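Numbering (our numbering), first residue to last: 54 to 345.
See below:
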């Protein structure tokens with residue numbers, strides 16, 4: 054996997070088509086369907102579900118299942134499966150820790166876009182051996198709200214993600230409009246897995262289609278990457294941190310490197326998810342289709 058690390062360091066991401074077997078994907082779909090059914094009567098967010106009003110209809114829509122690794126055992130086991138840990142070991146080293154997970158339910162018929170941003174803006178660490186693992190539970194096509202990556206931007210600056218004096222989780226329009234022409238549209242069949250650097254600029258398009266595009270995301274990092282104070286990464290206790298180890302052992306000595314950092318401050322009044330803070334901010338360069 055020597056060329057794998059080189060590709061990741063060069064582009065800022067790698068994509069593995071059909072990395073996970075379809076039998077596992079079917080199990081994931083059944084669990085997700087059950088979780089959605091259980092929340093059918095909900096109209097406001099709680100500890101598990103992020104519910105926002107649909108931008109078009111104004112009706113409540115489940116946008117995300119929060120920290121699914123805490124909700125059902127399979128989500129906690131999945132990040133530790135050999136197909137994924139083999140890649141993580143190559144990209145991050147022998148000791149890798151899970152920070153959090155999220156299941157974005159870009160449902161059919163109008164689920165909203167996500168504006169251009171860098172994950173690093175939300176949770177900077179003492180070094181940038183930090184990435185996100187994205188598992189496609191459904192086929193991701195050009196028509197059902199695909200993710201867009203801006204290659205090589207992980208080697209550039211960390212952009213301002215504030216508006217109106219508060220952290221808004223999105224870059225401003227002057228930056229965003231330069232990214233779309235060269236962005237890569239990420240598509241793949243269910244079971245495809247992406248790995249993208251925390252500093253890589255990325256976004257997603259709205260899903261107006263009749264097909265869902267559910268994407269399971271894990272935030273992981275080298276065990277010697279320590280979250281900086283004031284960011285959205287945190288640990289309840291030493292035991293909690295050790296329980297999140299995906300492979301290897303937790304380090305007691307953070308590794309400090311010369312990485313660019315912007316403080317994700319001041320915090321907005323509501324910080325339930327990226328969906329909420331982007332909607333509340335004024336940097337709303339959303340991509341409704343691929344022609345913008």
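Glycine included, C-beta positions come from ideal geometry on N, C-alpha and C. Quick caveat, the model's predicted, so the values are computed rather than measured.
Given this structure, state the Cα-to-Cα distance separating residue i from residue j, to the nearest angstrom.
i           : j           : result
residue 198 : residue 128 : 23 Å
residue 301 : residue 276 : 8 Å
residue 137 : residue 269 : 13 Å
residue 150 : residue 318 : 25 Å
residue 192 : residue 246 : 11 Å
residue 274 : residue 243 : 24 Å
residue 114 : residue 267 : 14 Å
residue 177 : residue 152 : 12 Å
residue 293 : residue 190 : 28 Å
residue 291 : residue 235 : 43 Å
residue 59  : residue 97  : 44 Å
residue 132 : residue 232 : 30 Å
residue 183 : residue 297 : 15 Å
residue 99  : residue 77  : 28 Å
residue 94  : residue 310 : 48 Å
residue 71  : residue 306 : 37 Å
residue 112 : residue 106 : 5 Å
residue 88  : residue 82  : 10 Å
residue 345 : residue 289 : Here residue 345 scores only 45 on pLDDT, less than 50, and its place in the model should not be relied on; the value that follows carries that caveat. C-alpha separation (whole angstroms): 42 Å.
Just to confirm before moving on: does the CB-CB distance between residue i and residue j stay below 8 Å?
i           : j           : result
residue 186 : residue 248 : yes
residue 171 : residue 254 : yes
residue 173 : residue 228 : no
residue 86  : residue 304 : no
residue 259 : residue 164 : yes
residue 278 : residue 308 : yes
residue 102 : residue 118 : yes
residue 281 : residue 179 : yes
residue 284 : residue 175 : yes
residue 200 : residue 214 : no
residue 205 : residue 238 : no
residue 130 : residue 158 : no
Got a sec, what are the start and stop residues for the alpha helix (DSSP H) residue i sits in?
i           : result
residue 140 : 135-145
residue 291 : 291-296
residue 126 : 126-131
residue 73  : Taken as a continuous stretch (DSSP letters only), residue 73 belongs to no alpha helix (DSSP H), as it is neither H nor E.
residue 175 : 172-175
Would residue i pass as an interface residue toward chain B - the criterion being a Cβ-Cβ separation below 8 Å?
i           : result
residue 118 : Looking at the structure shown, chain B is missing, and only one protein chain is on hand.
Determine the DSSP secondary structure at residue i, reduced to helix, strand or coil.
i           : result
residue 106 : strand
residue 91  : helix
residue 220 : strand
residue 257 : strand
residue 84  : helix
residue 207 : helix
residue 122 : helix
residue 281 : coil
residue 271 : strand
residue 212 : coil
residue 78  : helix
residue 66  : strand
residue 345 : Its pLDDT being 45, under 50, residue 345 is placed unreliably in this model, and the value from its coordinates should be taken loosely. Coil, per DSSP.
Give every residue of the same chain whose Cβ lies closer than 7 Å to the Cβ of residue i, excluding the five residues on either side of it in the sequence, and list them in chain order.
i           : result
residue 207 : 65, 250, 252, 253
residue 295 : 303
residue 313 : 210, 211
Could you pull out every residue in the same chain whose Cβ sits closer than 8 Å to the Cβ of residue i, ignoring the five residues on either side in sequence?
i          : result
residue 75 : 243, 244
residue 45 : Because residue 45 is not part of the residues shown, which for the chain are 54 to 345, the question remains open.
Would you mind reading off the limits of the beta strand (DSSP E) that contains residue i?
i           : result
residue 246 : 246-250
residue 228 : Element bounds for residue 228: not the beta strand (DSSP E) but the alpha helix (DSSP H), 226-232.
residue 112 : No beta strand (DSSP E) holds residue 112; DSSP gives it neither H nor E.
residue 185 : 183-189
residue 318 : First-last for residue 318: undefined, no H or E at that position.
residue 156 : 149-159
residue 309 : Counting along the chain, residue 309 falls outside any beta strand (DSSP E), and DSSP gives it neither H nor E.
residue 287 : Per DSSP, residue 287 belongs to no beta strand (DSSP E) and is neither H nor E.
Report all residues from its chain with a CB closer than 6 Å to the CB of residue i; omit the five preceding and five following residues, and keep chain order.
i           : result
residue 121 : 128, 154, 156
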